[in-house]
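J.:
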Amino acid sequence: MNPYYLIRLHLRNTGGSMEQKKARIGFVGCGGHATNALYPALKGIPEADLVAVCDLNQALAERNAKMFGAGKWYTDLGKMLKEEKLDGAAVVGPPPMYMGAGKQCLDAGLPIFVEKPSAVSYKDALDLAEHAQKRKLWGAVGYMKRYSVCYNMAKMVMEKEGFGKIVEISVRFSDPGPYPAIWGIKENELAFLVGQVIHLLNLVRFFCGDVGEVYAKLNRVEEGKFGFAITVGFREGSVGVMNLSACEGDYTEGLRISGNGCWIDIDEMLHFKYRPKGLPMPIPVPPWGGRSQTVQWNPGWVELSLGSKSGETFGYNGELENFVRSCLGQDKPRSDLFDGAKDLQFAEAVWDSALSNKPIKIG
Numbered sequence: 001m002n003p004y005y006l007i008r009l010h011l012r013n014t015g016g017s018m019e020q021k022k023a024r025i026g027f028v029g030c031g032g033h034a035t036n037a038l039y040p041a042l043k044g045i046p047e048a049d050l051v052a053v054c055d056l057n058q059a060l061a062e063r064n065a066k067m068f069g070a071g072k073w074y075t076d077l078g079k080m081l082k083e084e085k086l087d088g089a090a091v092v093g094p095p096p097m098y099m100g101a102g103k104q105c106l107d108a109g110l111p112i113f114v115e116k117p118s119a120v121s122y123k124d125a126l127d128l129a130e131h132a133q134k135r136k137l138w139g140a141v142g143y144m145k146r147y148s149v150c151y152n153m154a155k156m157v158m159e160k161e162g163f164g165k166i167v168e169i170s171v172r173f174s175d176p177g178p179y180p181a182i183w184g185i186k187e188n189e190l191a192f193l194v195g196q197v198i199h200l201l202n203l204v205r206f207f208c209g210d211v212g213e214v215y216a217k218l219n220r221v222e223e224g225k226f227g228f229a230i231t232v233g234f235r236e237g238s239v240g241v242m243n244l245s246a247c248e249g250d251y252t253e254g255l256r257i258s259g260n261g262c263w264i265d266i267d268e269m270l271h272f273k274y275r276p277k278g279l280p281m282p283i284p285v286p287p288w289g290g291r292s293q294t295v296q297w298n299p300g301w302v303e304l305s306l307g308s309k310s311g312e313t314f315g316y317n318g319e320l321e322n323f324v325r326s327c328l329g330q331d332k333p334r335s336d337l338f339d340g341a342k343d344l345q346f347a348e349a350v351w352d353s354a355l356s357n358k359p360i361k362i363g
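Position 49 of the sequence shown, counted from 1, bears residue number 49 in the UniProt record's numbering, the numbering being contiguous throughout.
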């Protein structure tokens, strides 16, 4: 069966209704990432009605309205919020923008979707989450990896195939480097934790739950090029190792989840390998062991091409579909503003540990 269909079933909570409702969405921000990844994904969601777009740059607002079928475009967010009857607002741009435009949408009574990170600091992220909570609203944070095919295959295996408790999780990730200081963050390395590998910090929490302690070492090679080696203790008992660098000259990503008698290995978010506890095929095993049977999934070129264009493979479609359905009351955010705050708390703990050369506990 098509894995995208299985993942869609895994993510959706259909509620049994045959009537298709549409959420009226306003999109704030027409920058490169939003235009290339998020607008196309939103356009492909049947429950989404892109009513209006807004950007300070009139040319970009007009362009995106035309490209993606929005009825109106604005350069004044206040005017859009006043004139349009919306069910939710996607606010995508540099994270300092969320403290302004994001709160403005919340104050207008709208739930919001923001890209990761939800702020540049734990303090600001928590403030944004509490701002929504005080208004009995919510916000979703765009951690697309939580919706990607391979990582959801892993989640399905652990929930349905008797995988059991995670013993250890290992992550490797590299940005080509050099990684710049961005968004007013002075240190390149902290900017990397907040702006790039926050995705991976969220991902290990997705599998293992909240973090109790971190211990990090930092190796600076030159300006903007460095590597982190991090050990993580999770509150539920699992442990983890994260190797995160900005110096290899290319993007790489890998995840290994170890259970008791089983494991899952995911390479580049595309190649899935699972070693179950029992042997799927009744073949002889030598007394000294060493004969492993695995289940593998690798996308074919047609599936990969179509899935990538629609945002299915890497999760852009899923994160926005979850937001749209949550606006309709048909689902709940899989990663909310409080999750976004926890990830920044995690990032700051890694940074504090690397500077102090000591383990840092997270309360």
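Beta carbons are placed, not taken as given, at the ideal position from N, Cα and C, and that holds for glycine. Predicted model only: the values in this text are computed from it and were never measured.
1. State yes or no: is the C-beta of Val239 within less than 7 Å of the C-beta of Glu303?
2. By alpha-carbon positions, which one of Phe234, Gly162 and Arg325 ends up nearest to Val214?
3. Spell out the partners DSSP gives Ile257 in its beta bridges.
4. Hey, how far is the Cα of Glu253 from the Cα of Leu203?
5. Nearer than 6 Å: is that true of the beta carbon of Cys247 relative to any heavy atom of the ligand GDP?
6. By how many angstroms is the C-alpha of Tyr74 removed from the C-alpha of Lys165?
7. Nearest-angstrom Cα distance between Ala37 and Phe163?
8. Less than 7 Å between the beta carbons of Gly139 and Ala132, yes or no?
9. Given His271, which residues of its chain have a CB within under 6 Å of its CB, disregarding the five upstream and five downstream residues?
10. Give every residue of the same chain whose Cβ lies closer than 6 Å to the Cβ of Lys72, excluding the five residues on either side of it in the sequence, and list them in chain order.
11. Within the continuous alpha helix (DSSP H) that includes Trp183, where are the two ends?
12. For the region 98-145, list the alpha helix (DSSP H) runs that are entirely contained and at least 4 residues long, ordered along the chain.
13. Which full runs of the alpha helix (DSSP H) of 4+ residues lie inside the region 269-354, going along the chain?
14. Rounded to the nearest angstrom, how far is the Cβ of Gly93 from that of Gly29, given a contact under 8 Å?
15. Can you tell me whether Asn219 is buried or exposed, with buried defined as 16 or more other CB within 10 angstroms of its CB?
16. Just to confirm the assignment, what range does the alpha helix (DSSP H) spanning Gly195 have?
17. Looking only at its chain, what residues have a beta carbon closer than 6 Å to the beta carbon of Glu321, apart from the 5 residues adjacent to it on each side?
18. Gly88 to Ala48, Cα distance in whole Å?
19. Is Thr35 buried or exposed, if buried means 16 or more other CB atoms sit within 10 Å of its CB?
20. Check this for me: beta carbons of Leu337 and Ser118, under 7 Å apart or not?
21. Could you please give the first and the last residue of the uninterrupted alpha helix (DSSP H) stretch that includes Asn152?
T.: Based on what the coordinates show:
1. No; because the gap between Cβ atoms is not below 7 Å, this pair is not in contact.
2. With distances taken between CA atoms, Val214 lies nearest to Phe234 out of Phe234, Gly162 and Arg325.
3. Answer is Ile169 and Ile264.
4. Approximately 12 Å, taken between the alpha carbons.
5. Absence of the ligand GDP from the depicted structure is noted, as is the absence of any ligand whatsoever, leaving it without description.
6. Here the alpha carbon of Lys165 sits roughly 50 Å from the alpha carbon of Tyr74.
7. Going from the Cα of Ala37 to the Cα of Phe163 covers about 33 Å.
8. Contact: yes.
9. Counting only Cβ-Cβ distances below 6 Å, and skipping sequence neighbours, we find Asn298.
10. Only Ala52 meet the Cβ criterion.
11. Segment: none, Trp183 is in no alpha helix (DSSP H) and carries neither H nor E.
12. Listed in chain order, the complete alpha helix (DSSP H) runs (minimum 4 residues) inside the region 98-145 are 103-107 and 122-134.
13. Entirely contained in the region 269-354, the alpha helix (DSSP H) runs reaching 4 residues are, in chain order, 301-310 and 316-327.
14. Right, the Cβ-Cβ distance comes to about 4 Å (below 8 Å), so this counts as a contact.
15. It is exposed - the Cβ of Asn219 has fewer than 16 other Cβ atoms within 10 Å.
16. Unbroken alpha helix (DSSP H) run through Gly195: Asn188 to Gly195.
17. Cβ within range, chain order: Ile45.
18. CA-to-CA, the gap between Gly88 and Ala48 works out to about 10 Å.
19. Per the 10 Å Cβ criterion, buried.
20. Taking a C-beta distance under 7 Å as the contact criterion, Leu337 and Ser118 qualify as a contact pair.
21. Run containing Asn152: Val149 to Lys160, per the alpha helix (DSSP H) assignment.
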